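Novice: Quick one: this structure, given as structure tokens, is what I'll be asking you about.
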Amino acid sequence: MSASPTDSSLRLSPLMRWLGITLVILLVLQIGVVLSAADWSDSIYQQLLIERLVSQTPMGFVGLLLMLISSRLDHPRTARTPIRWVVCVVSAVLALVMISVILLGLGGNQELVREADQTLDQRRGQLEMARQQSANPDNVKVLGEQLAQAGQLPSDATEEEKTEAAQEFIDKQLSQMSDQIKQAERQRNLAVNQRLIGGTISAVVLAVALVLLALVAVL
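In numbering that gives the first Met the number 0, the protein residues as written are 0 to 218.
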């Protein structure tokens, strides 16, 4: 005779429970490795911790969900079993951790933007200073002589040719500096968006999901 759906569920329940416990243990080990080298004053460590928590917590969420489902299968009429209380408590703790990640991520984003803006302001200042110097005919003339002495111009080059070569060299350098600033701006925006979407917003979604899981576990 074939096994009934109930018998199949009962055989599957222990497997789901131990699989869920294994995923939760793996989450604890992954986070424990990062916490063992804690340096809260280091922004790089903070970002590493946020990334590890956000990337690994879904594994723990799935593990807790499997534990809850197995408990429902084993004791469908019992409202609050010990395993459900474990799921509730662990989910609540992870939800609080996600809230801390949200606050830490917001502070880290502000610090990242401030540092990036300072670097960009320095580069913009250097570019403006270079433009002012290039507008001085004497500087252009000196540069033309230097190019001729370096062998980048014919030995019989006229003053006009030296000036044109120097101006082309300056324009090329200014263009490169401008391109570097634009690239730095794109990298800044990409890093901020990555931390905002991949870190803060993901942590918000996980916090809500974990709170709901904690409530479902004891209701």
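No residue lacks a Cβ here, since even glycine has one placed at the ideal position from N, Cα and C. On a predicted model such as this, the values are computed, not experimentally measured, just so you know.
Give me the Cα-Cα distance between residue 180 and residue 130, rounded to the nearest whole angstrom.
Specialist: Your numbering for residue 180 matches position 181 in the sequence shown. Your numbering for residue 130 matches position 131 in the sequence shown. For residue 180 and residue 130, the distance between alpha carbons rounds to 15 Å.
Novice: Pick helix, strand or coil for residue 150, following the three-state DSSP scheme.
Specialist: The residue given as residue 150 occupies position 151 in the sequence shown. Looking at residue 150 - three-state DSSP - the assignment turns out to be coil, as it is neither helix nor strand.
Novice: Take residue 52 and list the residues in its own chain whose beta-carbon comes closer than 7 Å to its own, dropping the five residues that flank it on each side.
Specialist: For this step, residue 52 is matched to residue 53 along the sequence shown. Once the five neighbours on either side are set aside, the close Cβ partners of residue 52 are 30, 96 and 100.
Novice: Could you tell me the distance, in whole angstroms, from the CA atom of residue 28 to the CA atom of residue 21?
Specialist: By one-based count along the sequence shown, residue 28 stands at place 29. By one-based count along the sequence shown, residue 21 stands at place 22. Roughly 11 Å separates the two Cα atoms.
Novice: Identify the continuous alpha helix (DSSP H) that holds residue 170 and give its terminal residues.
Specialist: Sequence index remark: in the sequence shown, residue 170 carries index 171 (1-based). Residues 158-194.
Novice: If you count every other CB in all the chains shown that lies within 10 Å of the CB of residue 94, and 16 or more means buried, which is it?
Specialist: Within the sequence shown, the letter at position 95 stands for residue 94. With 16 or more Cβ atoms within 10 Å of its Cβ, residue 94 is classed as buried.
Novice: Is it true that the CB of residue 63 sits closer than 8 Å to the CB of residue 16?
Specialist: Within the sequence shown, residue 16 is the residue found at index 17, counting from 1. Within the sequence shown, residue 63 is the residue found at index 64, counting from 1. No, the Cβ-Cβ distance between residue 16 and residue 63 is not below 8 Å.
Novice: With a 10 Å radius around its C-beta and 16 neighbouring C-beta atoms as the bar for buried, classify residue 56 as buried or exposed.
Specialist: Taking the first residue of the sequence shown as 1, we reach residue 56 at position 57. With 16 or more other Cβ atoms within 10 Å, it is buried.
Novice: Determine whether the Cβ of residue 185 lies closer than 8 Å to any Cβ atom of chain B.
Specialist: Absence of chain B from the displayed structure is noted, only one protein chain being present.
Novice: Figure out for me which residue from 26, 47, 14 and 60 has the closest Cα to the Cα of residue 212.
Specialist: Here residue 212 corresponds to residue number 213 of the sequence shown, with the count starting at 1. Comparing Cα positions, the closest option is 60.
Novice: Please confirm whether any heavy atom of the ligand GDP lies closer than 7 Å to the CB of residue 146.
Specialist: Although the ligand GDP was asked about, the structure shown includes no ligands whatsoever.
Novice: Which value, in whole angstroms, describes the spacing of the CA atoms of residue 26 and residue 118?
Specialist: Within the sequence shown, the letter at position 27 stands for residue 26. Within the sequence shown, the letter at position 119 stands for residue 118. Computed Cα separation, rounded: 37 Å.
Novice: Quick one: grab the DSSP three-state call for residue 134.
Specialist: In the sequence shown, residue 134 corresponds to position 135, counting from 1. Residue 134 falls in the coil class under three-state DSSP.
Novice: Which residues bound the alpha helix (DSSP H) around residue 201?
Specialist: For the purposes of this step, residue 201 is taken as the residue at position 202 of the sequence shown. Counting along the chain, the alpha helix (DSSP H) containing residue 201 begins and ends at 201-217.
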